[in-house]
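**Student:**
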Amino acid sequence: MGKYFGTDGVRGVANIELDAMLAFKIGAAAAYLLSQEQKQGGKAKLLIGKDTRISSDMLESA
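Given below as structure tokens:
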């Protein structure tokens, strides 16, 4: 298991290091952090990008 977070975002080999379950867990953690910020009066914002690789659809659906 290598480093997942780099300067370009979340990195990993699709369906090996970076699978749907990991993407789901990252999304759940982000949602939790954003909800905590919003509870403290902040404005929660999240930007998720994807590209044209086949694995992008799998990760998006997670």
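Residue numbers (the numbering used here): 2 to 63. All C-beta atoms in this analysis are idealised placements derived from N, C-alpha and C, irrespective of residue type, glycine included.
Between the C-alpha atoms of L35 and D20, what's the straight-line distance to the nearest angstrom?
**Tutor:** Those two C-alpha atoms are separated by around 23 Å.
**Student:** Check this for me: beta carbons of G13 and A63, under 8 Å apart or not?
**Tutor:** Result no, Cβ atoms of G13 and A63 do not sit closer than 8 Å.
**Student:** Looking at the strands, I want to know which residues DSSP matches up with G43.
**Tutor:** Looking at the DSSP assignment, G43 forms no beta bridge with any residue, so it has no partner.
**Student:** Using three-state DSSP, classify V11 as helix, strand or coil.
**Tutor:** It is a strand residue.
**Student:** Report the three-state DSSP secondary structure of L48 (helix, strand or coil).
**Tutor:** Three-state DSSP puts L48 in coil, outside helix and strand.
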